[in-house]
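Colleague:
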Amino acid sequence: MPRERGEKVVATNRKARHDYLISDTYEAGMVLSGTEVKSLRAGRATLVDGYAFIEGGEAWLDAVHIPEYSGGSWTNHPPRRKRKLLLHKKEIVKISHKTKEGGYTLIPLRIYFADGRAKVEIAVAKGKKEYDKRQTLRERTDKRESDRAISAQRHLGD
Numbered sequence: 001m002p003r004e005r006g007e008k009v010v011a012t013n014r015k016a017r018h019d020y021l022i023s024d025t026y027e028a029g030m031v032l033s034g035t036e037v038k039s040l041r042a043g044r045a046t047l048v049d050g051y052a053f054i055e056g057g058e059a060w061l062d063a064v065h066i067p068e069y070s071g072g073s074w075t076n077h078p079p080r081r082k083r084k085l086l087l088h089k090k091e092i093v094k095i096s097h098k099t100k101e102g103g104y105t106l107i108p109l110r111i112y113f114a115d116g117r118a119k120v121e122i123a124v125a126k127g128k129k130e131y132d133k134r135q136t137l138r139e140r141t142d143k144r145e146s147d148r149a150i151s152a153q154r155h156l157g158d
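Take the sequence shown: its position 29, counting from 1, is numbered 29 in full-length UniProt numbering, and each next residue is one higher.
(1) Any idea what DSSP makes of K94, helix, strand or coil?
(2) For K8, tell me which candidate among G127, F113 and A28 has the shortest Cα-Cα distance.
(3) Starting from V31 and walking both ways along the beta strand (DSSP E), at which residues does that stretch end?
(4) Taking DSSP's pairing of strands, which residues face P108 in a bridge?
(5) Quickly, what does DSSP pair G116 with across the bridge? List them, please.
(6) Identify the residues that DSSP records as bridge partners of E4: which are they?
(7) Could you please give the first and the last residue of the uninterrupted alpha helix (DSSP H) stretch that includes R17?
(8) Between L109 and T25, how many whole angstroms is the CB-CB distance? I'm expecting something under 8 Å.
(9) For A45 and A28, I'd like the C-alpha separation in whole angstroms.
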């Protein structure tokens, strides 16, 4: 069987970019059991409540929901378990320094397969205040309206 090529996105955390200011992103591998991989290949996972943390010099992903594999038996995995992340030591040290600074947290942005291997994109992020969220929404709306006005002007000019 030929190896998989490219990238297949399984789950994204769309609310993360609304709730947090993203400063750095990292790609990490995940230590998974067989039924977890099969469930991910079926395209089933939820990142809504997920978070990552550094403990004992290792990175961990917690509260990410990967449902039980329907074809599994007693070997099925618990849906919300702590999963180890595979990162380089330098990256772990860099992330831990950033999160100890204060106000920063680690959140998963998306789970995907890169060339057949399960990966998670984690971000060092700072929580937005309510007024920051409103301001971001207002800026996005203003940009959309200006783009529409420019587009309408171009069409009228033709």
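For every residue, glycine included, the Cβ atom is placed at its ideal position computed from N, Cα and C.
Modeller: Quick look at the numbers:
(1) Sequence index remark: in the sequence shown, residue 94 carries index 94 (1-based). Helix at K94.
(2) For the purposes of this step, residue 8 is identified with residue 8 of the sequence shown, where counting begins at 1. Considering only alpha carbons, the answer is F113.
(3) For the purposes of this step, residue 31 is taken as the residue at position 31 of the sequence shown. No beta strand (DSSP E) contains V31, which DSSP labels as neither H nor E.
(4) As a first step, residue 108 is located in the sequence shown; it is residue number 108 there, counting from the start. I122, per the DSSP bridge assignment.
(5) Here residue 116 corresponds to residue number 116 of the sequence shown, with the count starting at 1. DSSP, once it has assigned bridges, lists no residue as partnering G116.
(6) The residue labelled residue 4 in the question sits at position 4 within the sequence shown. DSSP, once it has assigned bridges, lists no residue as partnering E4.
(7) As a first step, residue 17 must be located in the sequence shown, where it is residue number 17. It spans A16 to D19 - the alpha helix (DSSP H) in which R17 sits, taken as one unbroken run.
(8) As a first step, residue 109 must be located in the sequence shown, where it is residue number 109. As a first step, residue 25 must be located in the sequence shown, where it is residue number 25. 7 Å between Cβ atoms; contact.
(9) Taking the first residue of the sequence shown as position 1, residue 45 is located at position 45. Taking the first residue of the sequence shown as position 1, residue 28 is located at position 28. In a straight line, the C-alpha of A45 is about 17 Å away from that of A28.
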